[in-house]
Amino acid sequence: MLLLDTADVRPQDRIEVYQATVLGQTGSCAVEHEPGPDGHIAKRLEGWRFGPVAMYFNSGTGMRYWQTSRHLRMDSWNTISVLTQATGHGRFIWNDYRQTITAKDLFVTTKSAGYWERNWSGPGSTIAFMIDAEQIALPDSLIHTAVPRIARSPVTPVLLNHIHALRRDADRLEGDPGAENIGQATLSLVRALIASVATDDRTRRAVGDETLLVRVLAYVRAHLTDPDLTPARVAAVHNISLRSLYRLCDDNGLSLEQWIIRRRLEGARRDLIAPEHAHRTVQAVARSWGFASPTHFARRFRGAFGLTPTEARRQGDDRAAL
Numbered sequence: 001m002l003l004l005d006t007a008d009v010r011p012q013d014r015i016e017v018y019q020a021t022v023l024g025q026t027g028s029c030a031v032e033h034e035p036g037p038d039g040h041i042a043k044r045l046e047g048w049r050f051g052p053v054a055m056y057f058n059s060g061t062g063m064r065y066w067q068t069s070r071h072l073r074m075d076s077w078n079t080i081s082v083l084t085q086a087t088g089h090g091r092f093i094w095n096d097y098r099q100t101i102t103a104k105d106l107f108v109t110t111k112s113a114g115y116w117e118r119n120w121s122g123p124g125s126t127i128a129f130m131i132d133a134e135q136i137a138l139p140d141s142l143i144h145t146a147v148p149r150i151a152r153s154p155v156t157p158v159l160l161n162h163i164h165a166l167r168r169d170a171d172r173l174e175g176d177p178g179a180e181n182i183g184q185a186t187l188s189l190v191r192a193l194i195a196s197v198a199t200d201d202r203t204r205r206a207v208g209d210e211t212l213l214v215r216v217l218a219y220v221r222a223h224l225t226d227p228d229l230t231p232a233r234v235a236a237v238h239n240i241s242l243r244s245l246y247r248l249c250d251d252n253g254l255s256l257e258q259w260i261i262r263r264r265l266e267g268a269r270r271d272l273i274a275p276e277h278a279h280r281t282v283q284a285v286a287r288s289w290g291f292a293s294p295t296h297f298a299r300r301f302r303g304a305f306g307l308t309p310t311e312a313r314r315q316g317d318d319r320a321a322l
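Here full-length UniProt numbering is used: the first residue of the sequence shown is 1, the next is one more, and so on.
Right under this line is the structure:
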């Protein structure tokens with residue numbers, strides 16, 4: 001959902017309007033702006049809500065955003081922020097710690113951790129999750145310890161894939177009946193990320209066990225188009241036996257193979273009816289979602305949706321023509 005586009009605001013009012021919008025969304029903070037070539041700032045801010053998680057996409061001219069413990073005292077709203085740079089190169093600063101941020105990097109911080117800052121110069125954009133600290137249910141000291149270690153966590157690439165995938169489909173997913181579950185899954189991944197680099201072995205194991213299914217499904221979702229995605233590979237990535245993986249899924253009323261097939265079918269259906277994929281054959285779409293046999297794909301597709309892939313594409317074409 002669009003929260004602000006400064007193109008709709010008079011240039012002389014943009015900084016004030018942007019500041020008011022950000023304060024309303026993220027609480028007390030400080031912001032400095034780098035003007036564009038025309039001497040004015042240009043910003044676009046979008047936001048979505050998935051249960052306990054707020055998600056933001058911030059794009060435009062360069063900027064510097066920071067929070068300190070003073071801002072926490074001003075509004076008593078302690079939040080956990082999880083950010084990545086969608087485009088451009090940014091920087092993350094936490095007290096004396098410095099990190100360059102690209103689309104392949106992630107950082108986590110909180111208002112209670114002292115001074116933290118993110119910035120970029122020139123055109124750029126960021127994706128951010130914001131969660132009330134009490135929802136994370138981990139000690140502040142554990143979160144503070146994790147901040148400079150996030151890059152070493154095995155959960156980081158899983159959460160990065162989750163962030164970028166959610167951003168791509170945020171408008172549709174926010175209105176989905178499963179939006180609350182998406183938020184809870186995101187919350188579990190953030191908890192797993194923080195705990196995975198904790199020095200407390202007991203906490204790391206406890207949170208790791210608690211969030212294992214969420215991490216497994218997030219990994220599978222990120223690799224649905226890989227033709228060699230198998231339960232054995234999923235088990236190996238998560239350092240558990242194949243038997244343990246099946247038991248985990250059974251305990252949660254889930255068949256992993258059927259879950260994978262269903263998500264692949266849903267992805268193929270989206271591509272079949274999307275105008276930007278109209279030039280691709282049904283077989284090419286099926287293959288891109290891991291279905292090597294056209295006959296097997298057609299049978300599975302009809303069983304899931306009650307029509308053939310060709311009929312689904314035709315329905316998509318009819319809707320696009322209206």
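All C-beta atoms, glycine included, are put in the ideal place defined by N, C-alpha and C.
The beta strand (DSSP E) that contains residue i, what's its start and end?
i       : result
Thr-211 : First-last for Thr-211: undefined, no H or E at that position.
Met-63  : 63-67
Asp-96  : It is not in any beta strand (DSSP E) - Asp-96 carries neither H nor E in the DSSP assignment.
Gly-253 : Where Gly-253 is concerned, there is no enclosing beta strand (DSSP E), given that its DSSP letter is neither H nor E.
Gly-60  : 53-60
Asp-5   : 2-5
Gly-47  : 43-50
Between residue i and residue j, is the Cβ-Cβ spacing less than 8 angstroms?
i           : j       : result
Leu-129     : Thr-87  : Inspection of the sequence shows that residue 129 is occupied by Phe rather than by Leu. Cβ atoms of Phe-129 and Thr-87: not closer than 8 angstroms.
residue 323 : His-164 : Examination of residue 323 is not possible in this model, given that the chain is present from 1 through 322 alone.
Ile-194     : Ala-133 : no
Pro-215     : Leu-189 : First, the residue type needs correcting, since residue 215 is Arg and not Pro in the sequence shown. Yes, the Cβ-Cβ distance between Arg-215 and Leu-189 is below 8 angstroms.
Leu-159     : Lys-111 : no
Val-108     : Ala-146 : yes
Ser-196     : Val-237 : no
Leu-173     : Leu-213 : no
Pro-275     : Ala-286 : no
Enumerate in chain order the residues of its own chain whose CB-to-CB distance from residue i is below 7 angstroms, with the five nearest sequence positions on each side excluded.
i           : result
residue 323 : Given a span of 1 to 322 for the chain in the structure shown, any question on residue 323 remains unanswerable.
Thr-21      : Leu-3, Leu-4 and Leu-45
Ala-298     : Thr-308 and Pro-309
Pro-139     : none
Met-74      : Ser-28
Pro-11      : His-40
Trp-77      : Gly-27
Asp-13      : none
Can you name, in chain order, every residue of its own chain whose Cβ lies under 8 angstroms from the Cβ of residue i, other than the five neighbours on each side?
i       : result
Gln-315 : Ile-273 and Leu-307
Arg-300 : Ile-261, Leu-265 and Phe-291
Glu-311 : none
Leu-242 : Pro-231, Ala-232 and Ala-235
Glu-180 : Phe-50 and Gly-51
Leu-229 : Val-220, His-223, Ile-260 and Gly-290
Leu-245 : Val-216, Pro-231, Val-234, Ala-235, His-238 and Leu-256
Which residue's Cα is closest to the Cα of residue i: the options?
i       : options                               : result
Gln-19  : Gln-12, Cys-29, Arg-287 and Arg-10    : Cys-29
Thr-225 : Arg-10, Ser-288 and Asp-209           : Ser-288
Gly-27  : Thr-6, Leu-256, Asp-169 and Ala-54    : Ala-54
Val-82  : Trp-116, His-89 and Ser-76            : Trp-116
Arg-221 : Ala-192, Pro-177, Gly-267 and Ala-206 : Gly-267
Ile-15  : Asn-181, Ser-244, Arg-64 and Arg-280  : Arg-64
Gln-67  : Glu-32, Thr-100, Asn-58 and Gly-39    : Glu-32
Pro-148 : Asn-95, His-277, Gln-283 and Pro-123  : Asn-95
Asp-251 : Ala-284, Pro-227, Glu-210 and Leu-229 : Glu-210
Met-1   : Ala-192, Leu-166, Tyr-56 and Pro-11   : Tyr-56
Ile-143 : Ala-192, Met-74, Gly-39 and Pro-275   : Ala-192
Gly-39  : Gly-122, Gly-253, Asp-8 and Ala-103   : Gly-122
Arg-167 : Gln-258, Gly-47 and Ala-284           : Gly-47
Trp-120 : Gln-99, Ile-131 and Gly-114           : Gln-99
Ala-113 : Ser-141, Asp-105 and Ala-103          : Ser-141
Gln-135 : Asp-200, Gln-184 and Gly-208          : Gln-184
Leu-106 : Gln-258, Ile-150, Gly-24 and Ile-131  : Ile-150
Apart from the five residues just before and just after residue i, which ones in its own chain have a Cβ nearer than 6 angstroms to its Cβ?
i       : result
Arg-270 : none
Arg-313 : Leu-272
Ile-101 : Gln-85, Gly-90 and Phe-92
Ser-59  : Arg-44 and Ser-125
Val-17  : Val-9
Arg-204 : Ala-195 and Ala-198
Tyr-97  : Pro-148
Arg-302 : Thr-308
Pro-157 : none
Cβ of residue i within 7 angstroms of any heavy atom in the ligand MN?
i       : result
Thr-225 : This structure does not include the ligand MN; it has no bound ligands of any sort.
The alpha helix (DSSP H) with residue i in it runs from where to where?
i       : result
Ile-150 : Taken as a continuous stretch (DSSP letters only), Ile-150 belongs to no alpha helix (DSSP H), as it is neither H nor E.
Tyr-186 : Looking at the sequence itself, residue 186 is Thr, so the reference to Tyr does not match. It spans 179-196 - the alpha helix (DSSP H) in which Thr-186 sits, taken as one unbroken run.
Gly-267 : 256-273
Leu-173 : 170-174
Enumerated in chain order, which unbroken segments of the alpha helix (DSSP H) with a length of 4 residues or greater are wholly contained in the region 214-250? 231-237
To test your reading of the DSSP string, which unbroken beta strand (DSSP E) runs of 3 or more residues are found completely within the region 10-40? You should have 30-33.
Which whole runs of the alpha helix (DSSP H) in the region 275-301 are 4 residues long or more, in chain order? 282-288
Inside the region 67-145 only - beta strand (DSSP E) runs reaching at least 3 residues: 79-87, 90-94, 97-101, 107-110, 116-120 and 124-132
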